[in-house]
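Asks: Residue numbers (the working numbering): 113 to 339. Using N, Cα and C, we set each Cβ at its ideal position, and we do this for glycine too. Just so it is clear, the structure is predicted and the values come from calculations on it, not from any experiment.
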Ligand SMILES: NC(=O)c1ccc[n+]([C@@H]2O[C@H](COP(=O)([O-])OP(=O)(O)OC[C@H]3O[C@@H](n4cnc5c(N)ncnc54)[C@H](OP(=O)(O)O)[C@@H]3O)[C@@H](O)[C@H]2O)c1
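#1: What number of angstroms, rounded off, separates the C-alpha of residue 163 from the C-alpha of residue 209?
#2: Going by beta carbon distance, what residues of the same chain come within less than 8 Å of residue 151, once the five residues before and after it are set aside?
#3: What are the boundary residues of the alpha helix (DSSP H) that residue 253 is part of?
#4: Quick one: give me the first and last residue of the beta strand (DSSP E) that residue 333 is part of.
#5: Do the CB positions of residue 330 and residue 305 come within less than 7 Å of each other?
#6: To the nearest angstrom, report how far apart residue 263 and residue 293 are at their CA atoms.
#7: Just to confirm before moving on: does the CB-CB distance between residue 153 and residue 136 stay below 7 Å?
#8: Per DSSP, what are the beta-bridge partners of residue 310 in this structure?
#9: Please list, in chain order, all residues of the same chain as residue 171 whose beta carbon is under 6 Å from its beta carbon, the five residues on each side excluded.
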């Protein structure tokens, strides 16, 4: 069973049709219901990742279906401002979804994974965090925070057959990128050696690899066209 948060986002929607070829999928969304017409093997579930009780309700409701869990954390939020002008409200919102939400969801899924002695956790991070891209204070803090979270989980739960890894994505041709100005997109293309935005099929390849790989643990794989 694959649980995908951020299933209604650009990358989530793009990978959903291929994810179902790997396993059944619980597609977690927040405000936008993903269109799953023509895709078999998907259960939709609405969860606000900022709500501890909603995350715990999800785990309780899905209890009987939770077998061989692969948890892909793709939900995220971005708010842009320079550090000196970054509002506390924006900071809290971004950290609540991108970091605290990942913690809440991970914690809720660890027990069934431990009981089964098998689990895969895949956090989706971003090259923006690695580069410290200007304007992304909270987003970059959260995205690099996931690296620490993942390594701790890898250390604590490897003995239960659970692996935790991070996919550090470059700039993709869907999702968050659509919120950027044409000027910024041009600048971004200049950063990428291939001068091409990423195709979400690359994310699927990595997810499949991580599901199959019990000895790849605590790692970060960069999928960024060589940035
Ligand atoms: N696209 C890129 O070029 C790129 C580059 C680097 C890294 N990434 C990473 O890849 C992942 C997917 O990115 P994307 O471009 O697909 O993002 P996106 O299109 O902005 O989608 C964001 C997703 O997060 C969900 N979300 C936001 N707040 C939530 C909340 N409170 N509770 C539950 N879900 C919530 C949204 O749900 P609703 O729409 O239902 O509200 C949506 O499904 C993110 O982790 C992002 O940081 C993307």
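Replies: Here's the rundown:
#1: 9 Å
#2: 128, 129 and 132
#3: 249-269
#4: 332-335
#5: no
#6: 35 Å
#7: yes
#8: 284
#9: 220
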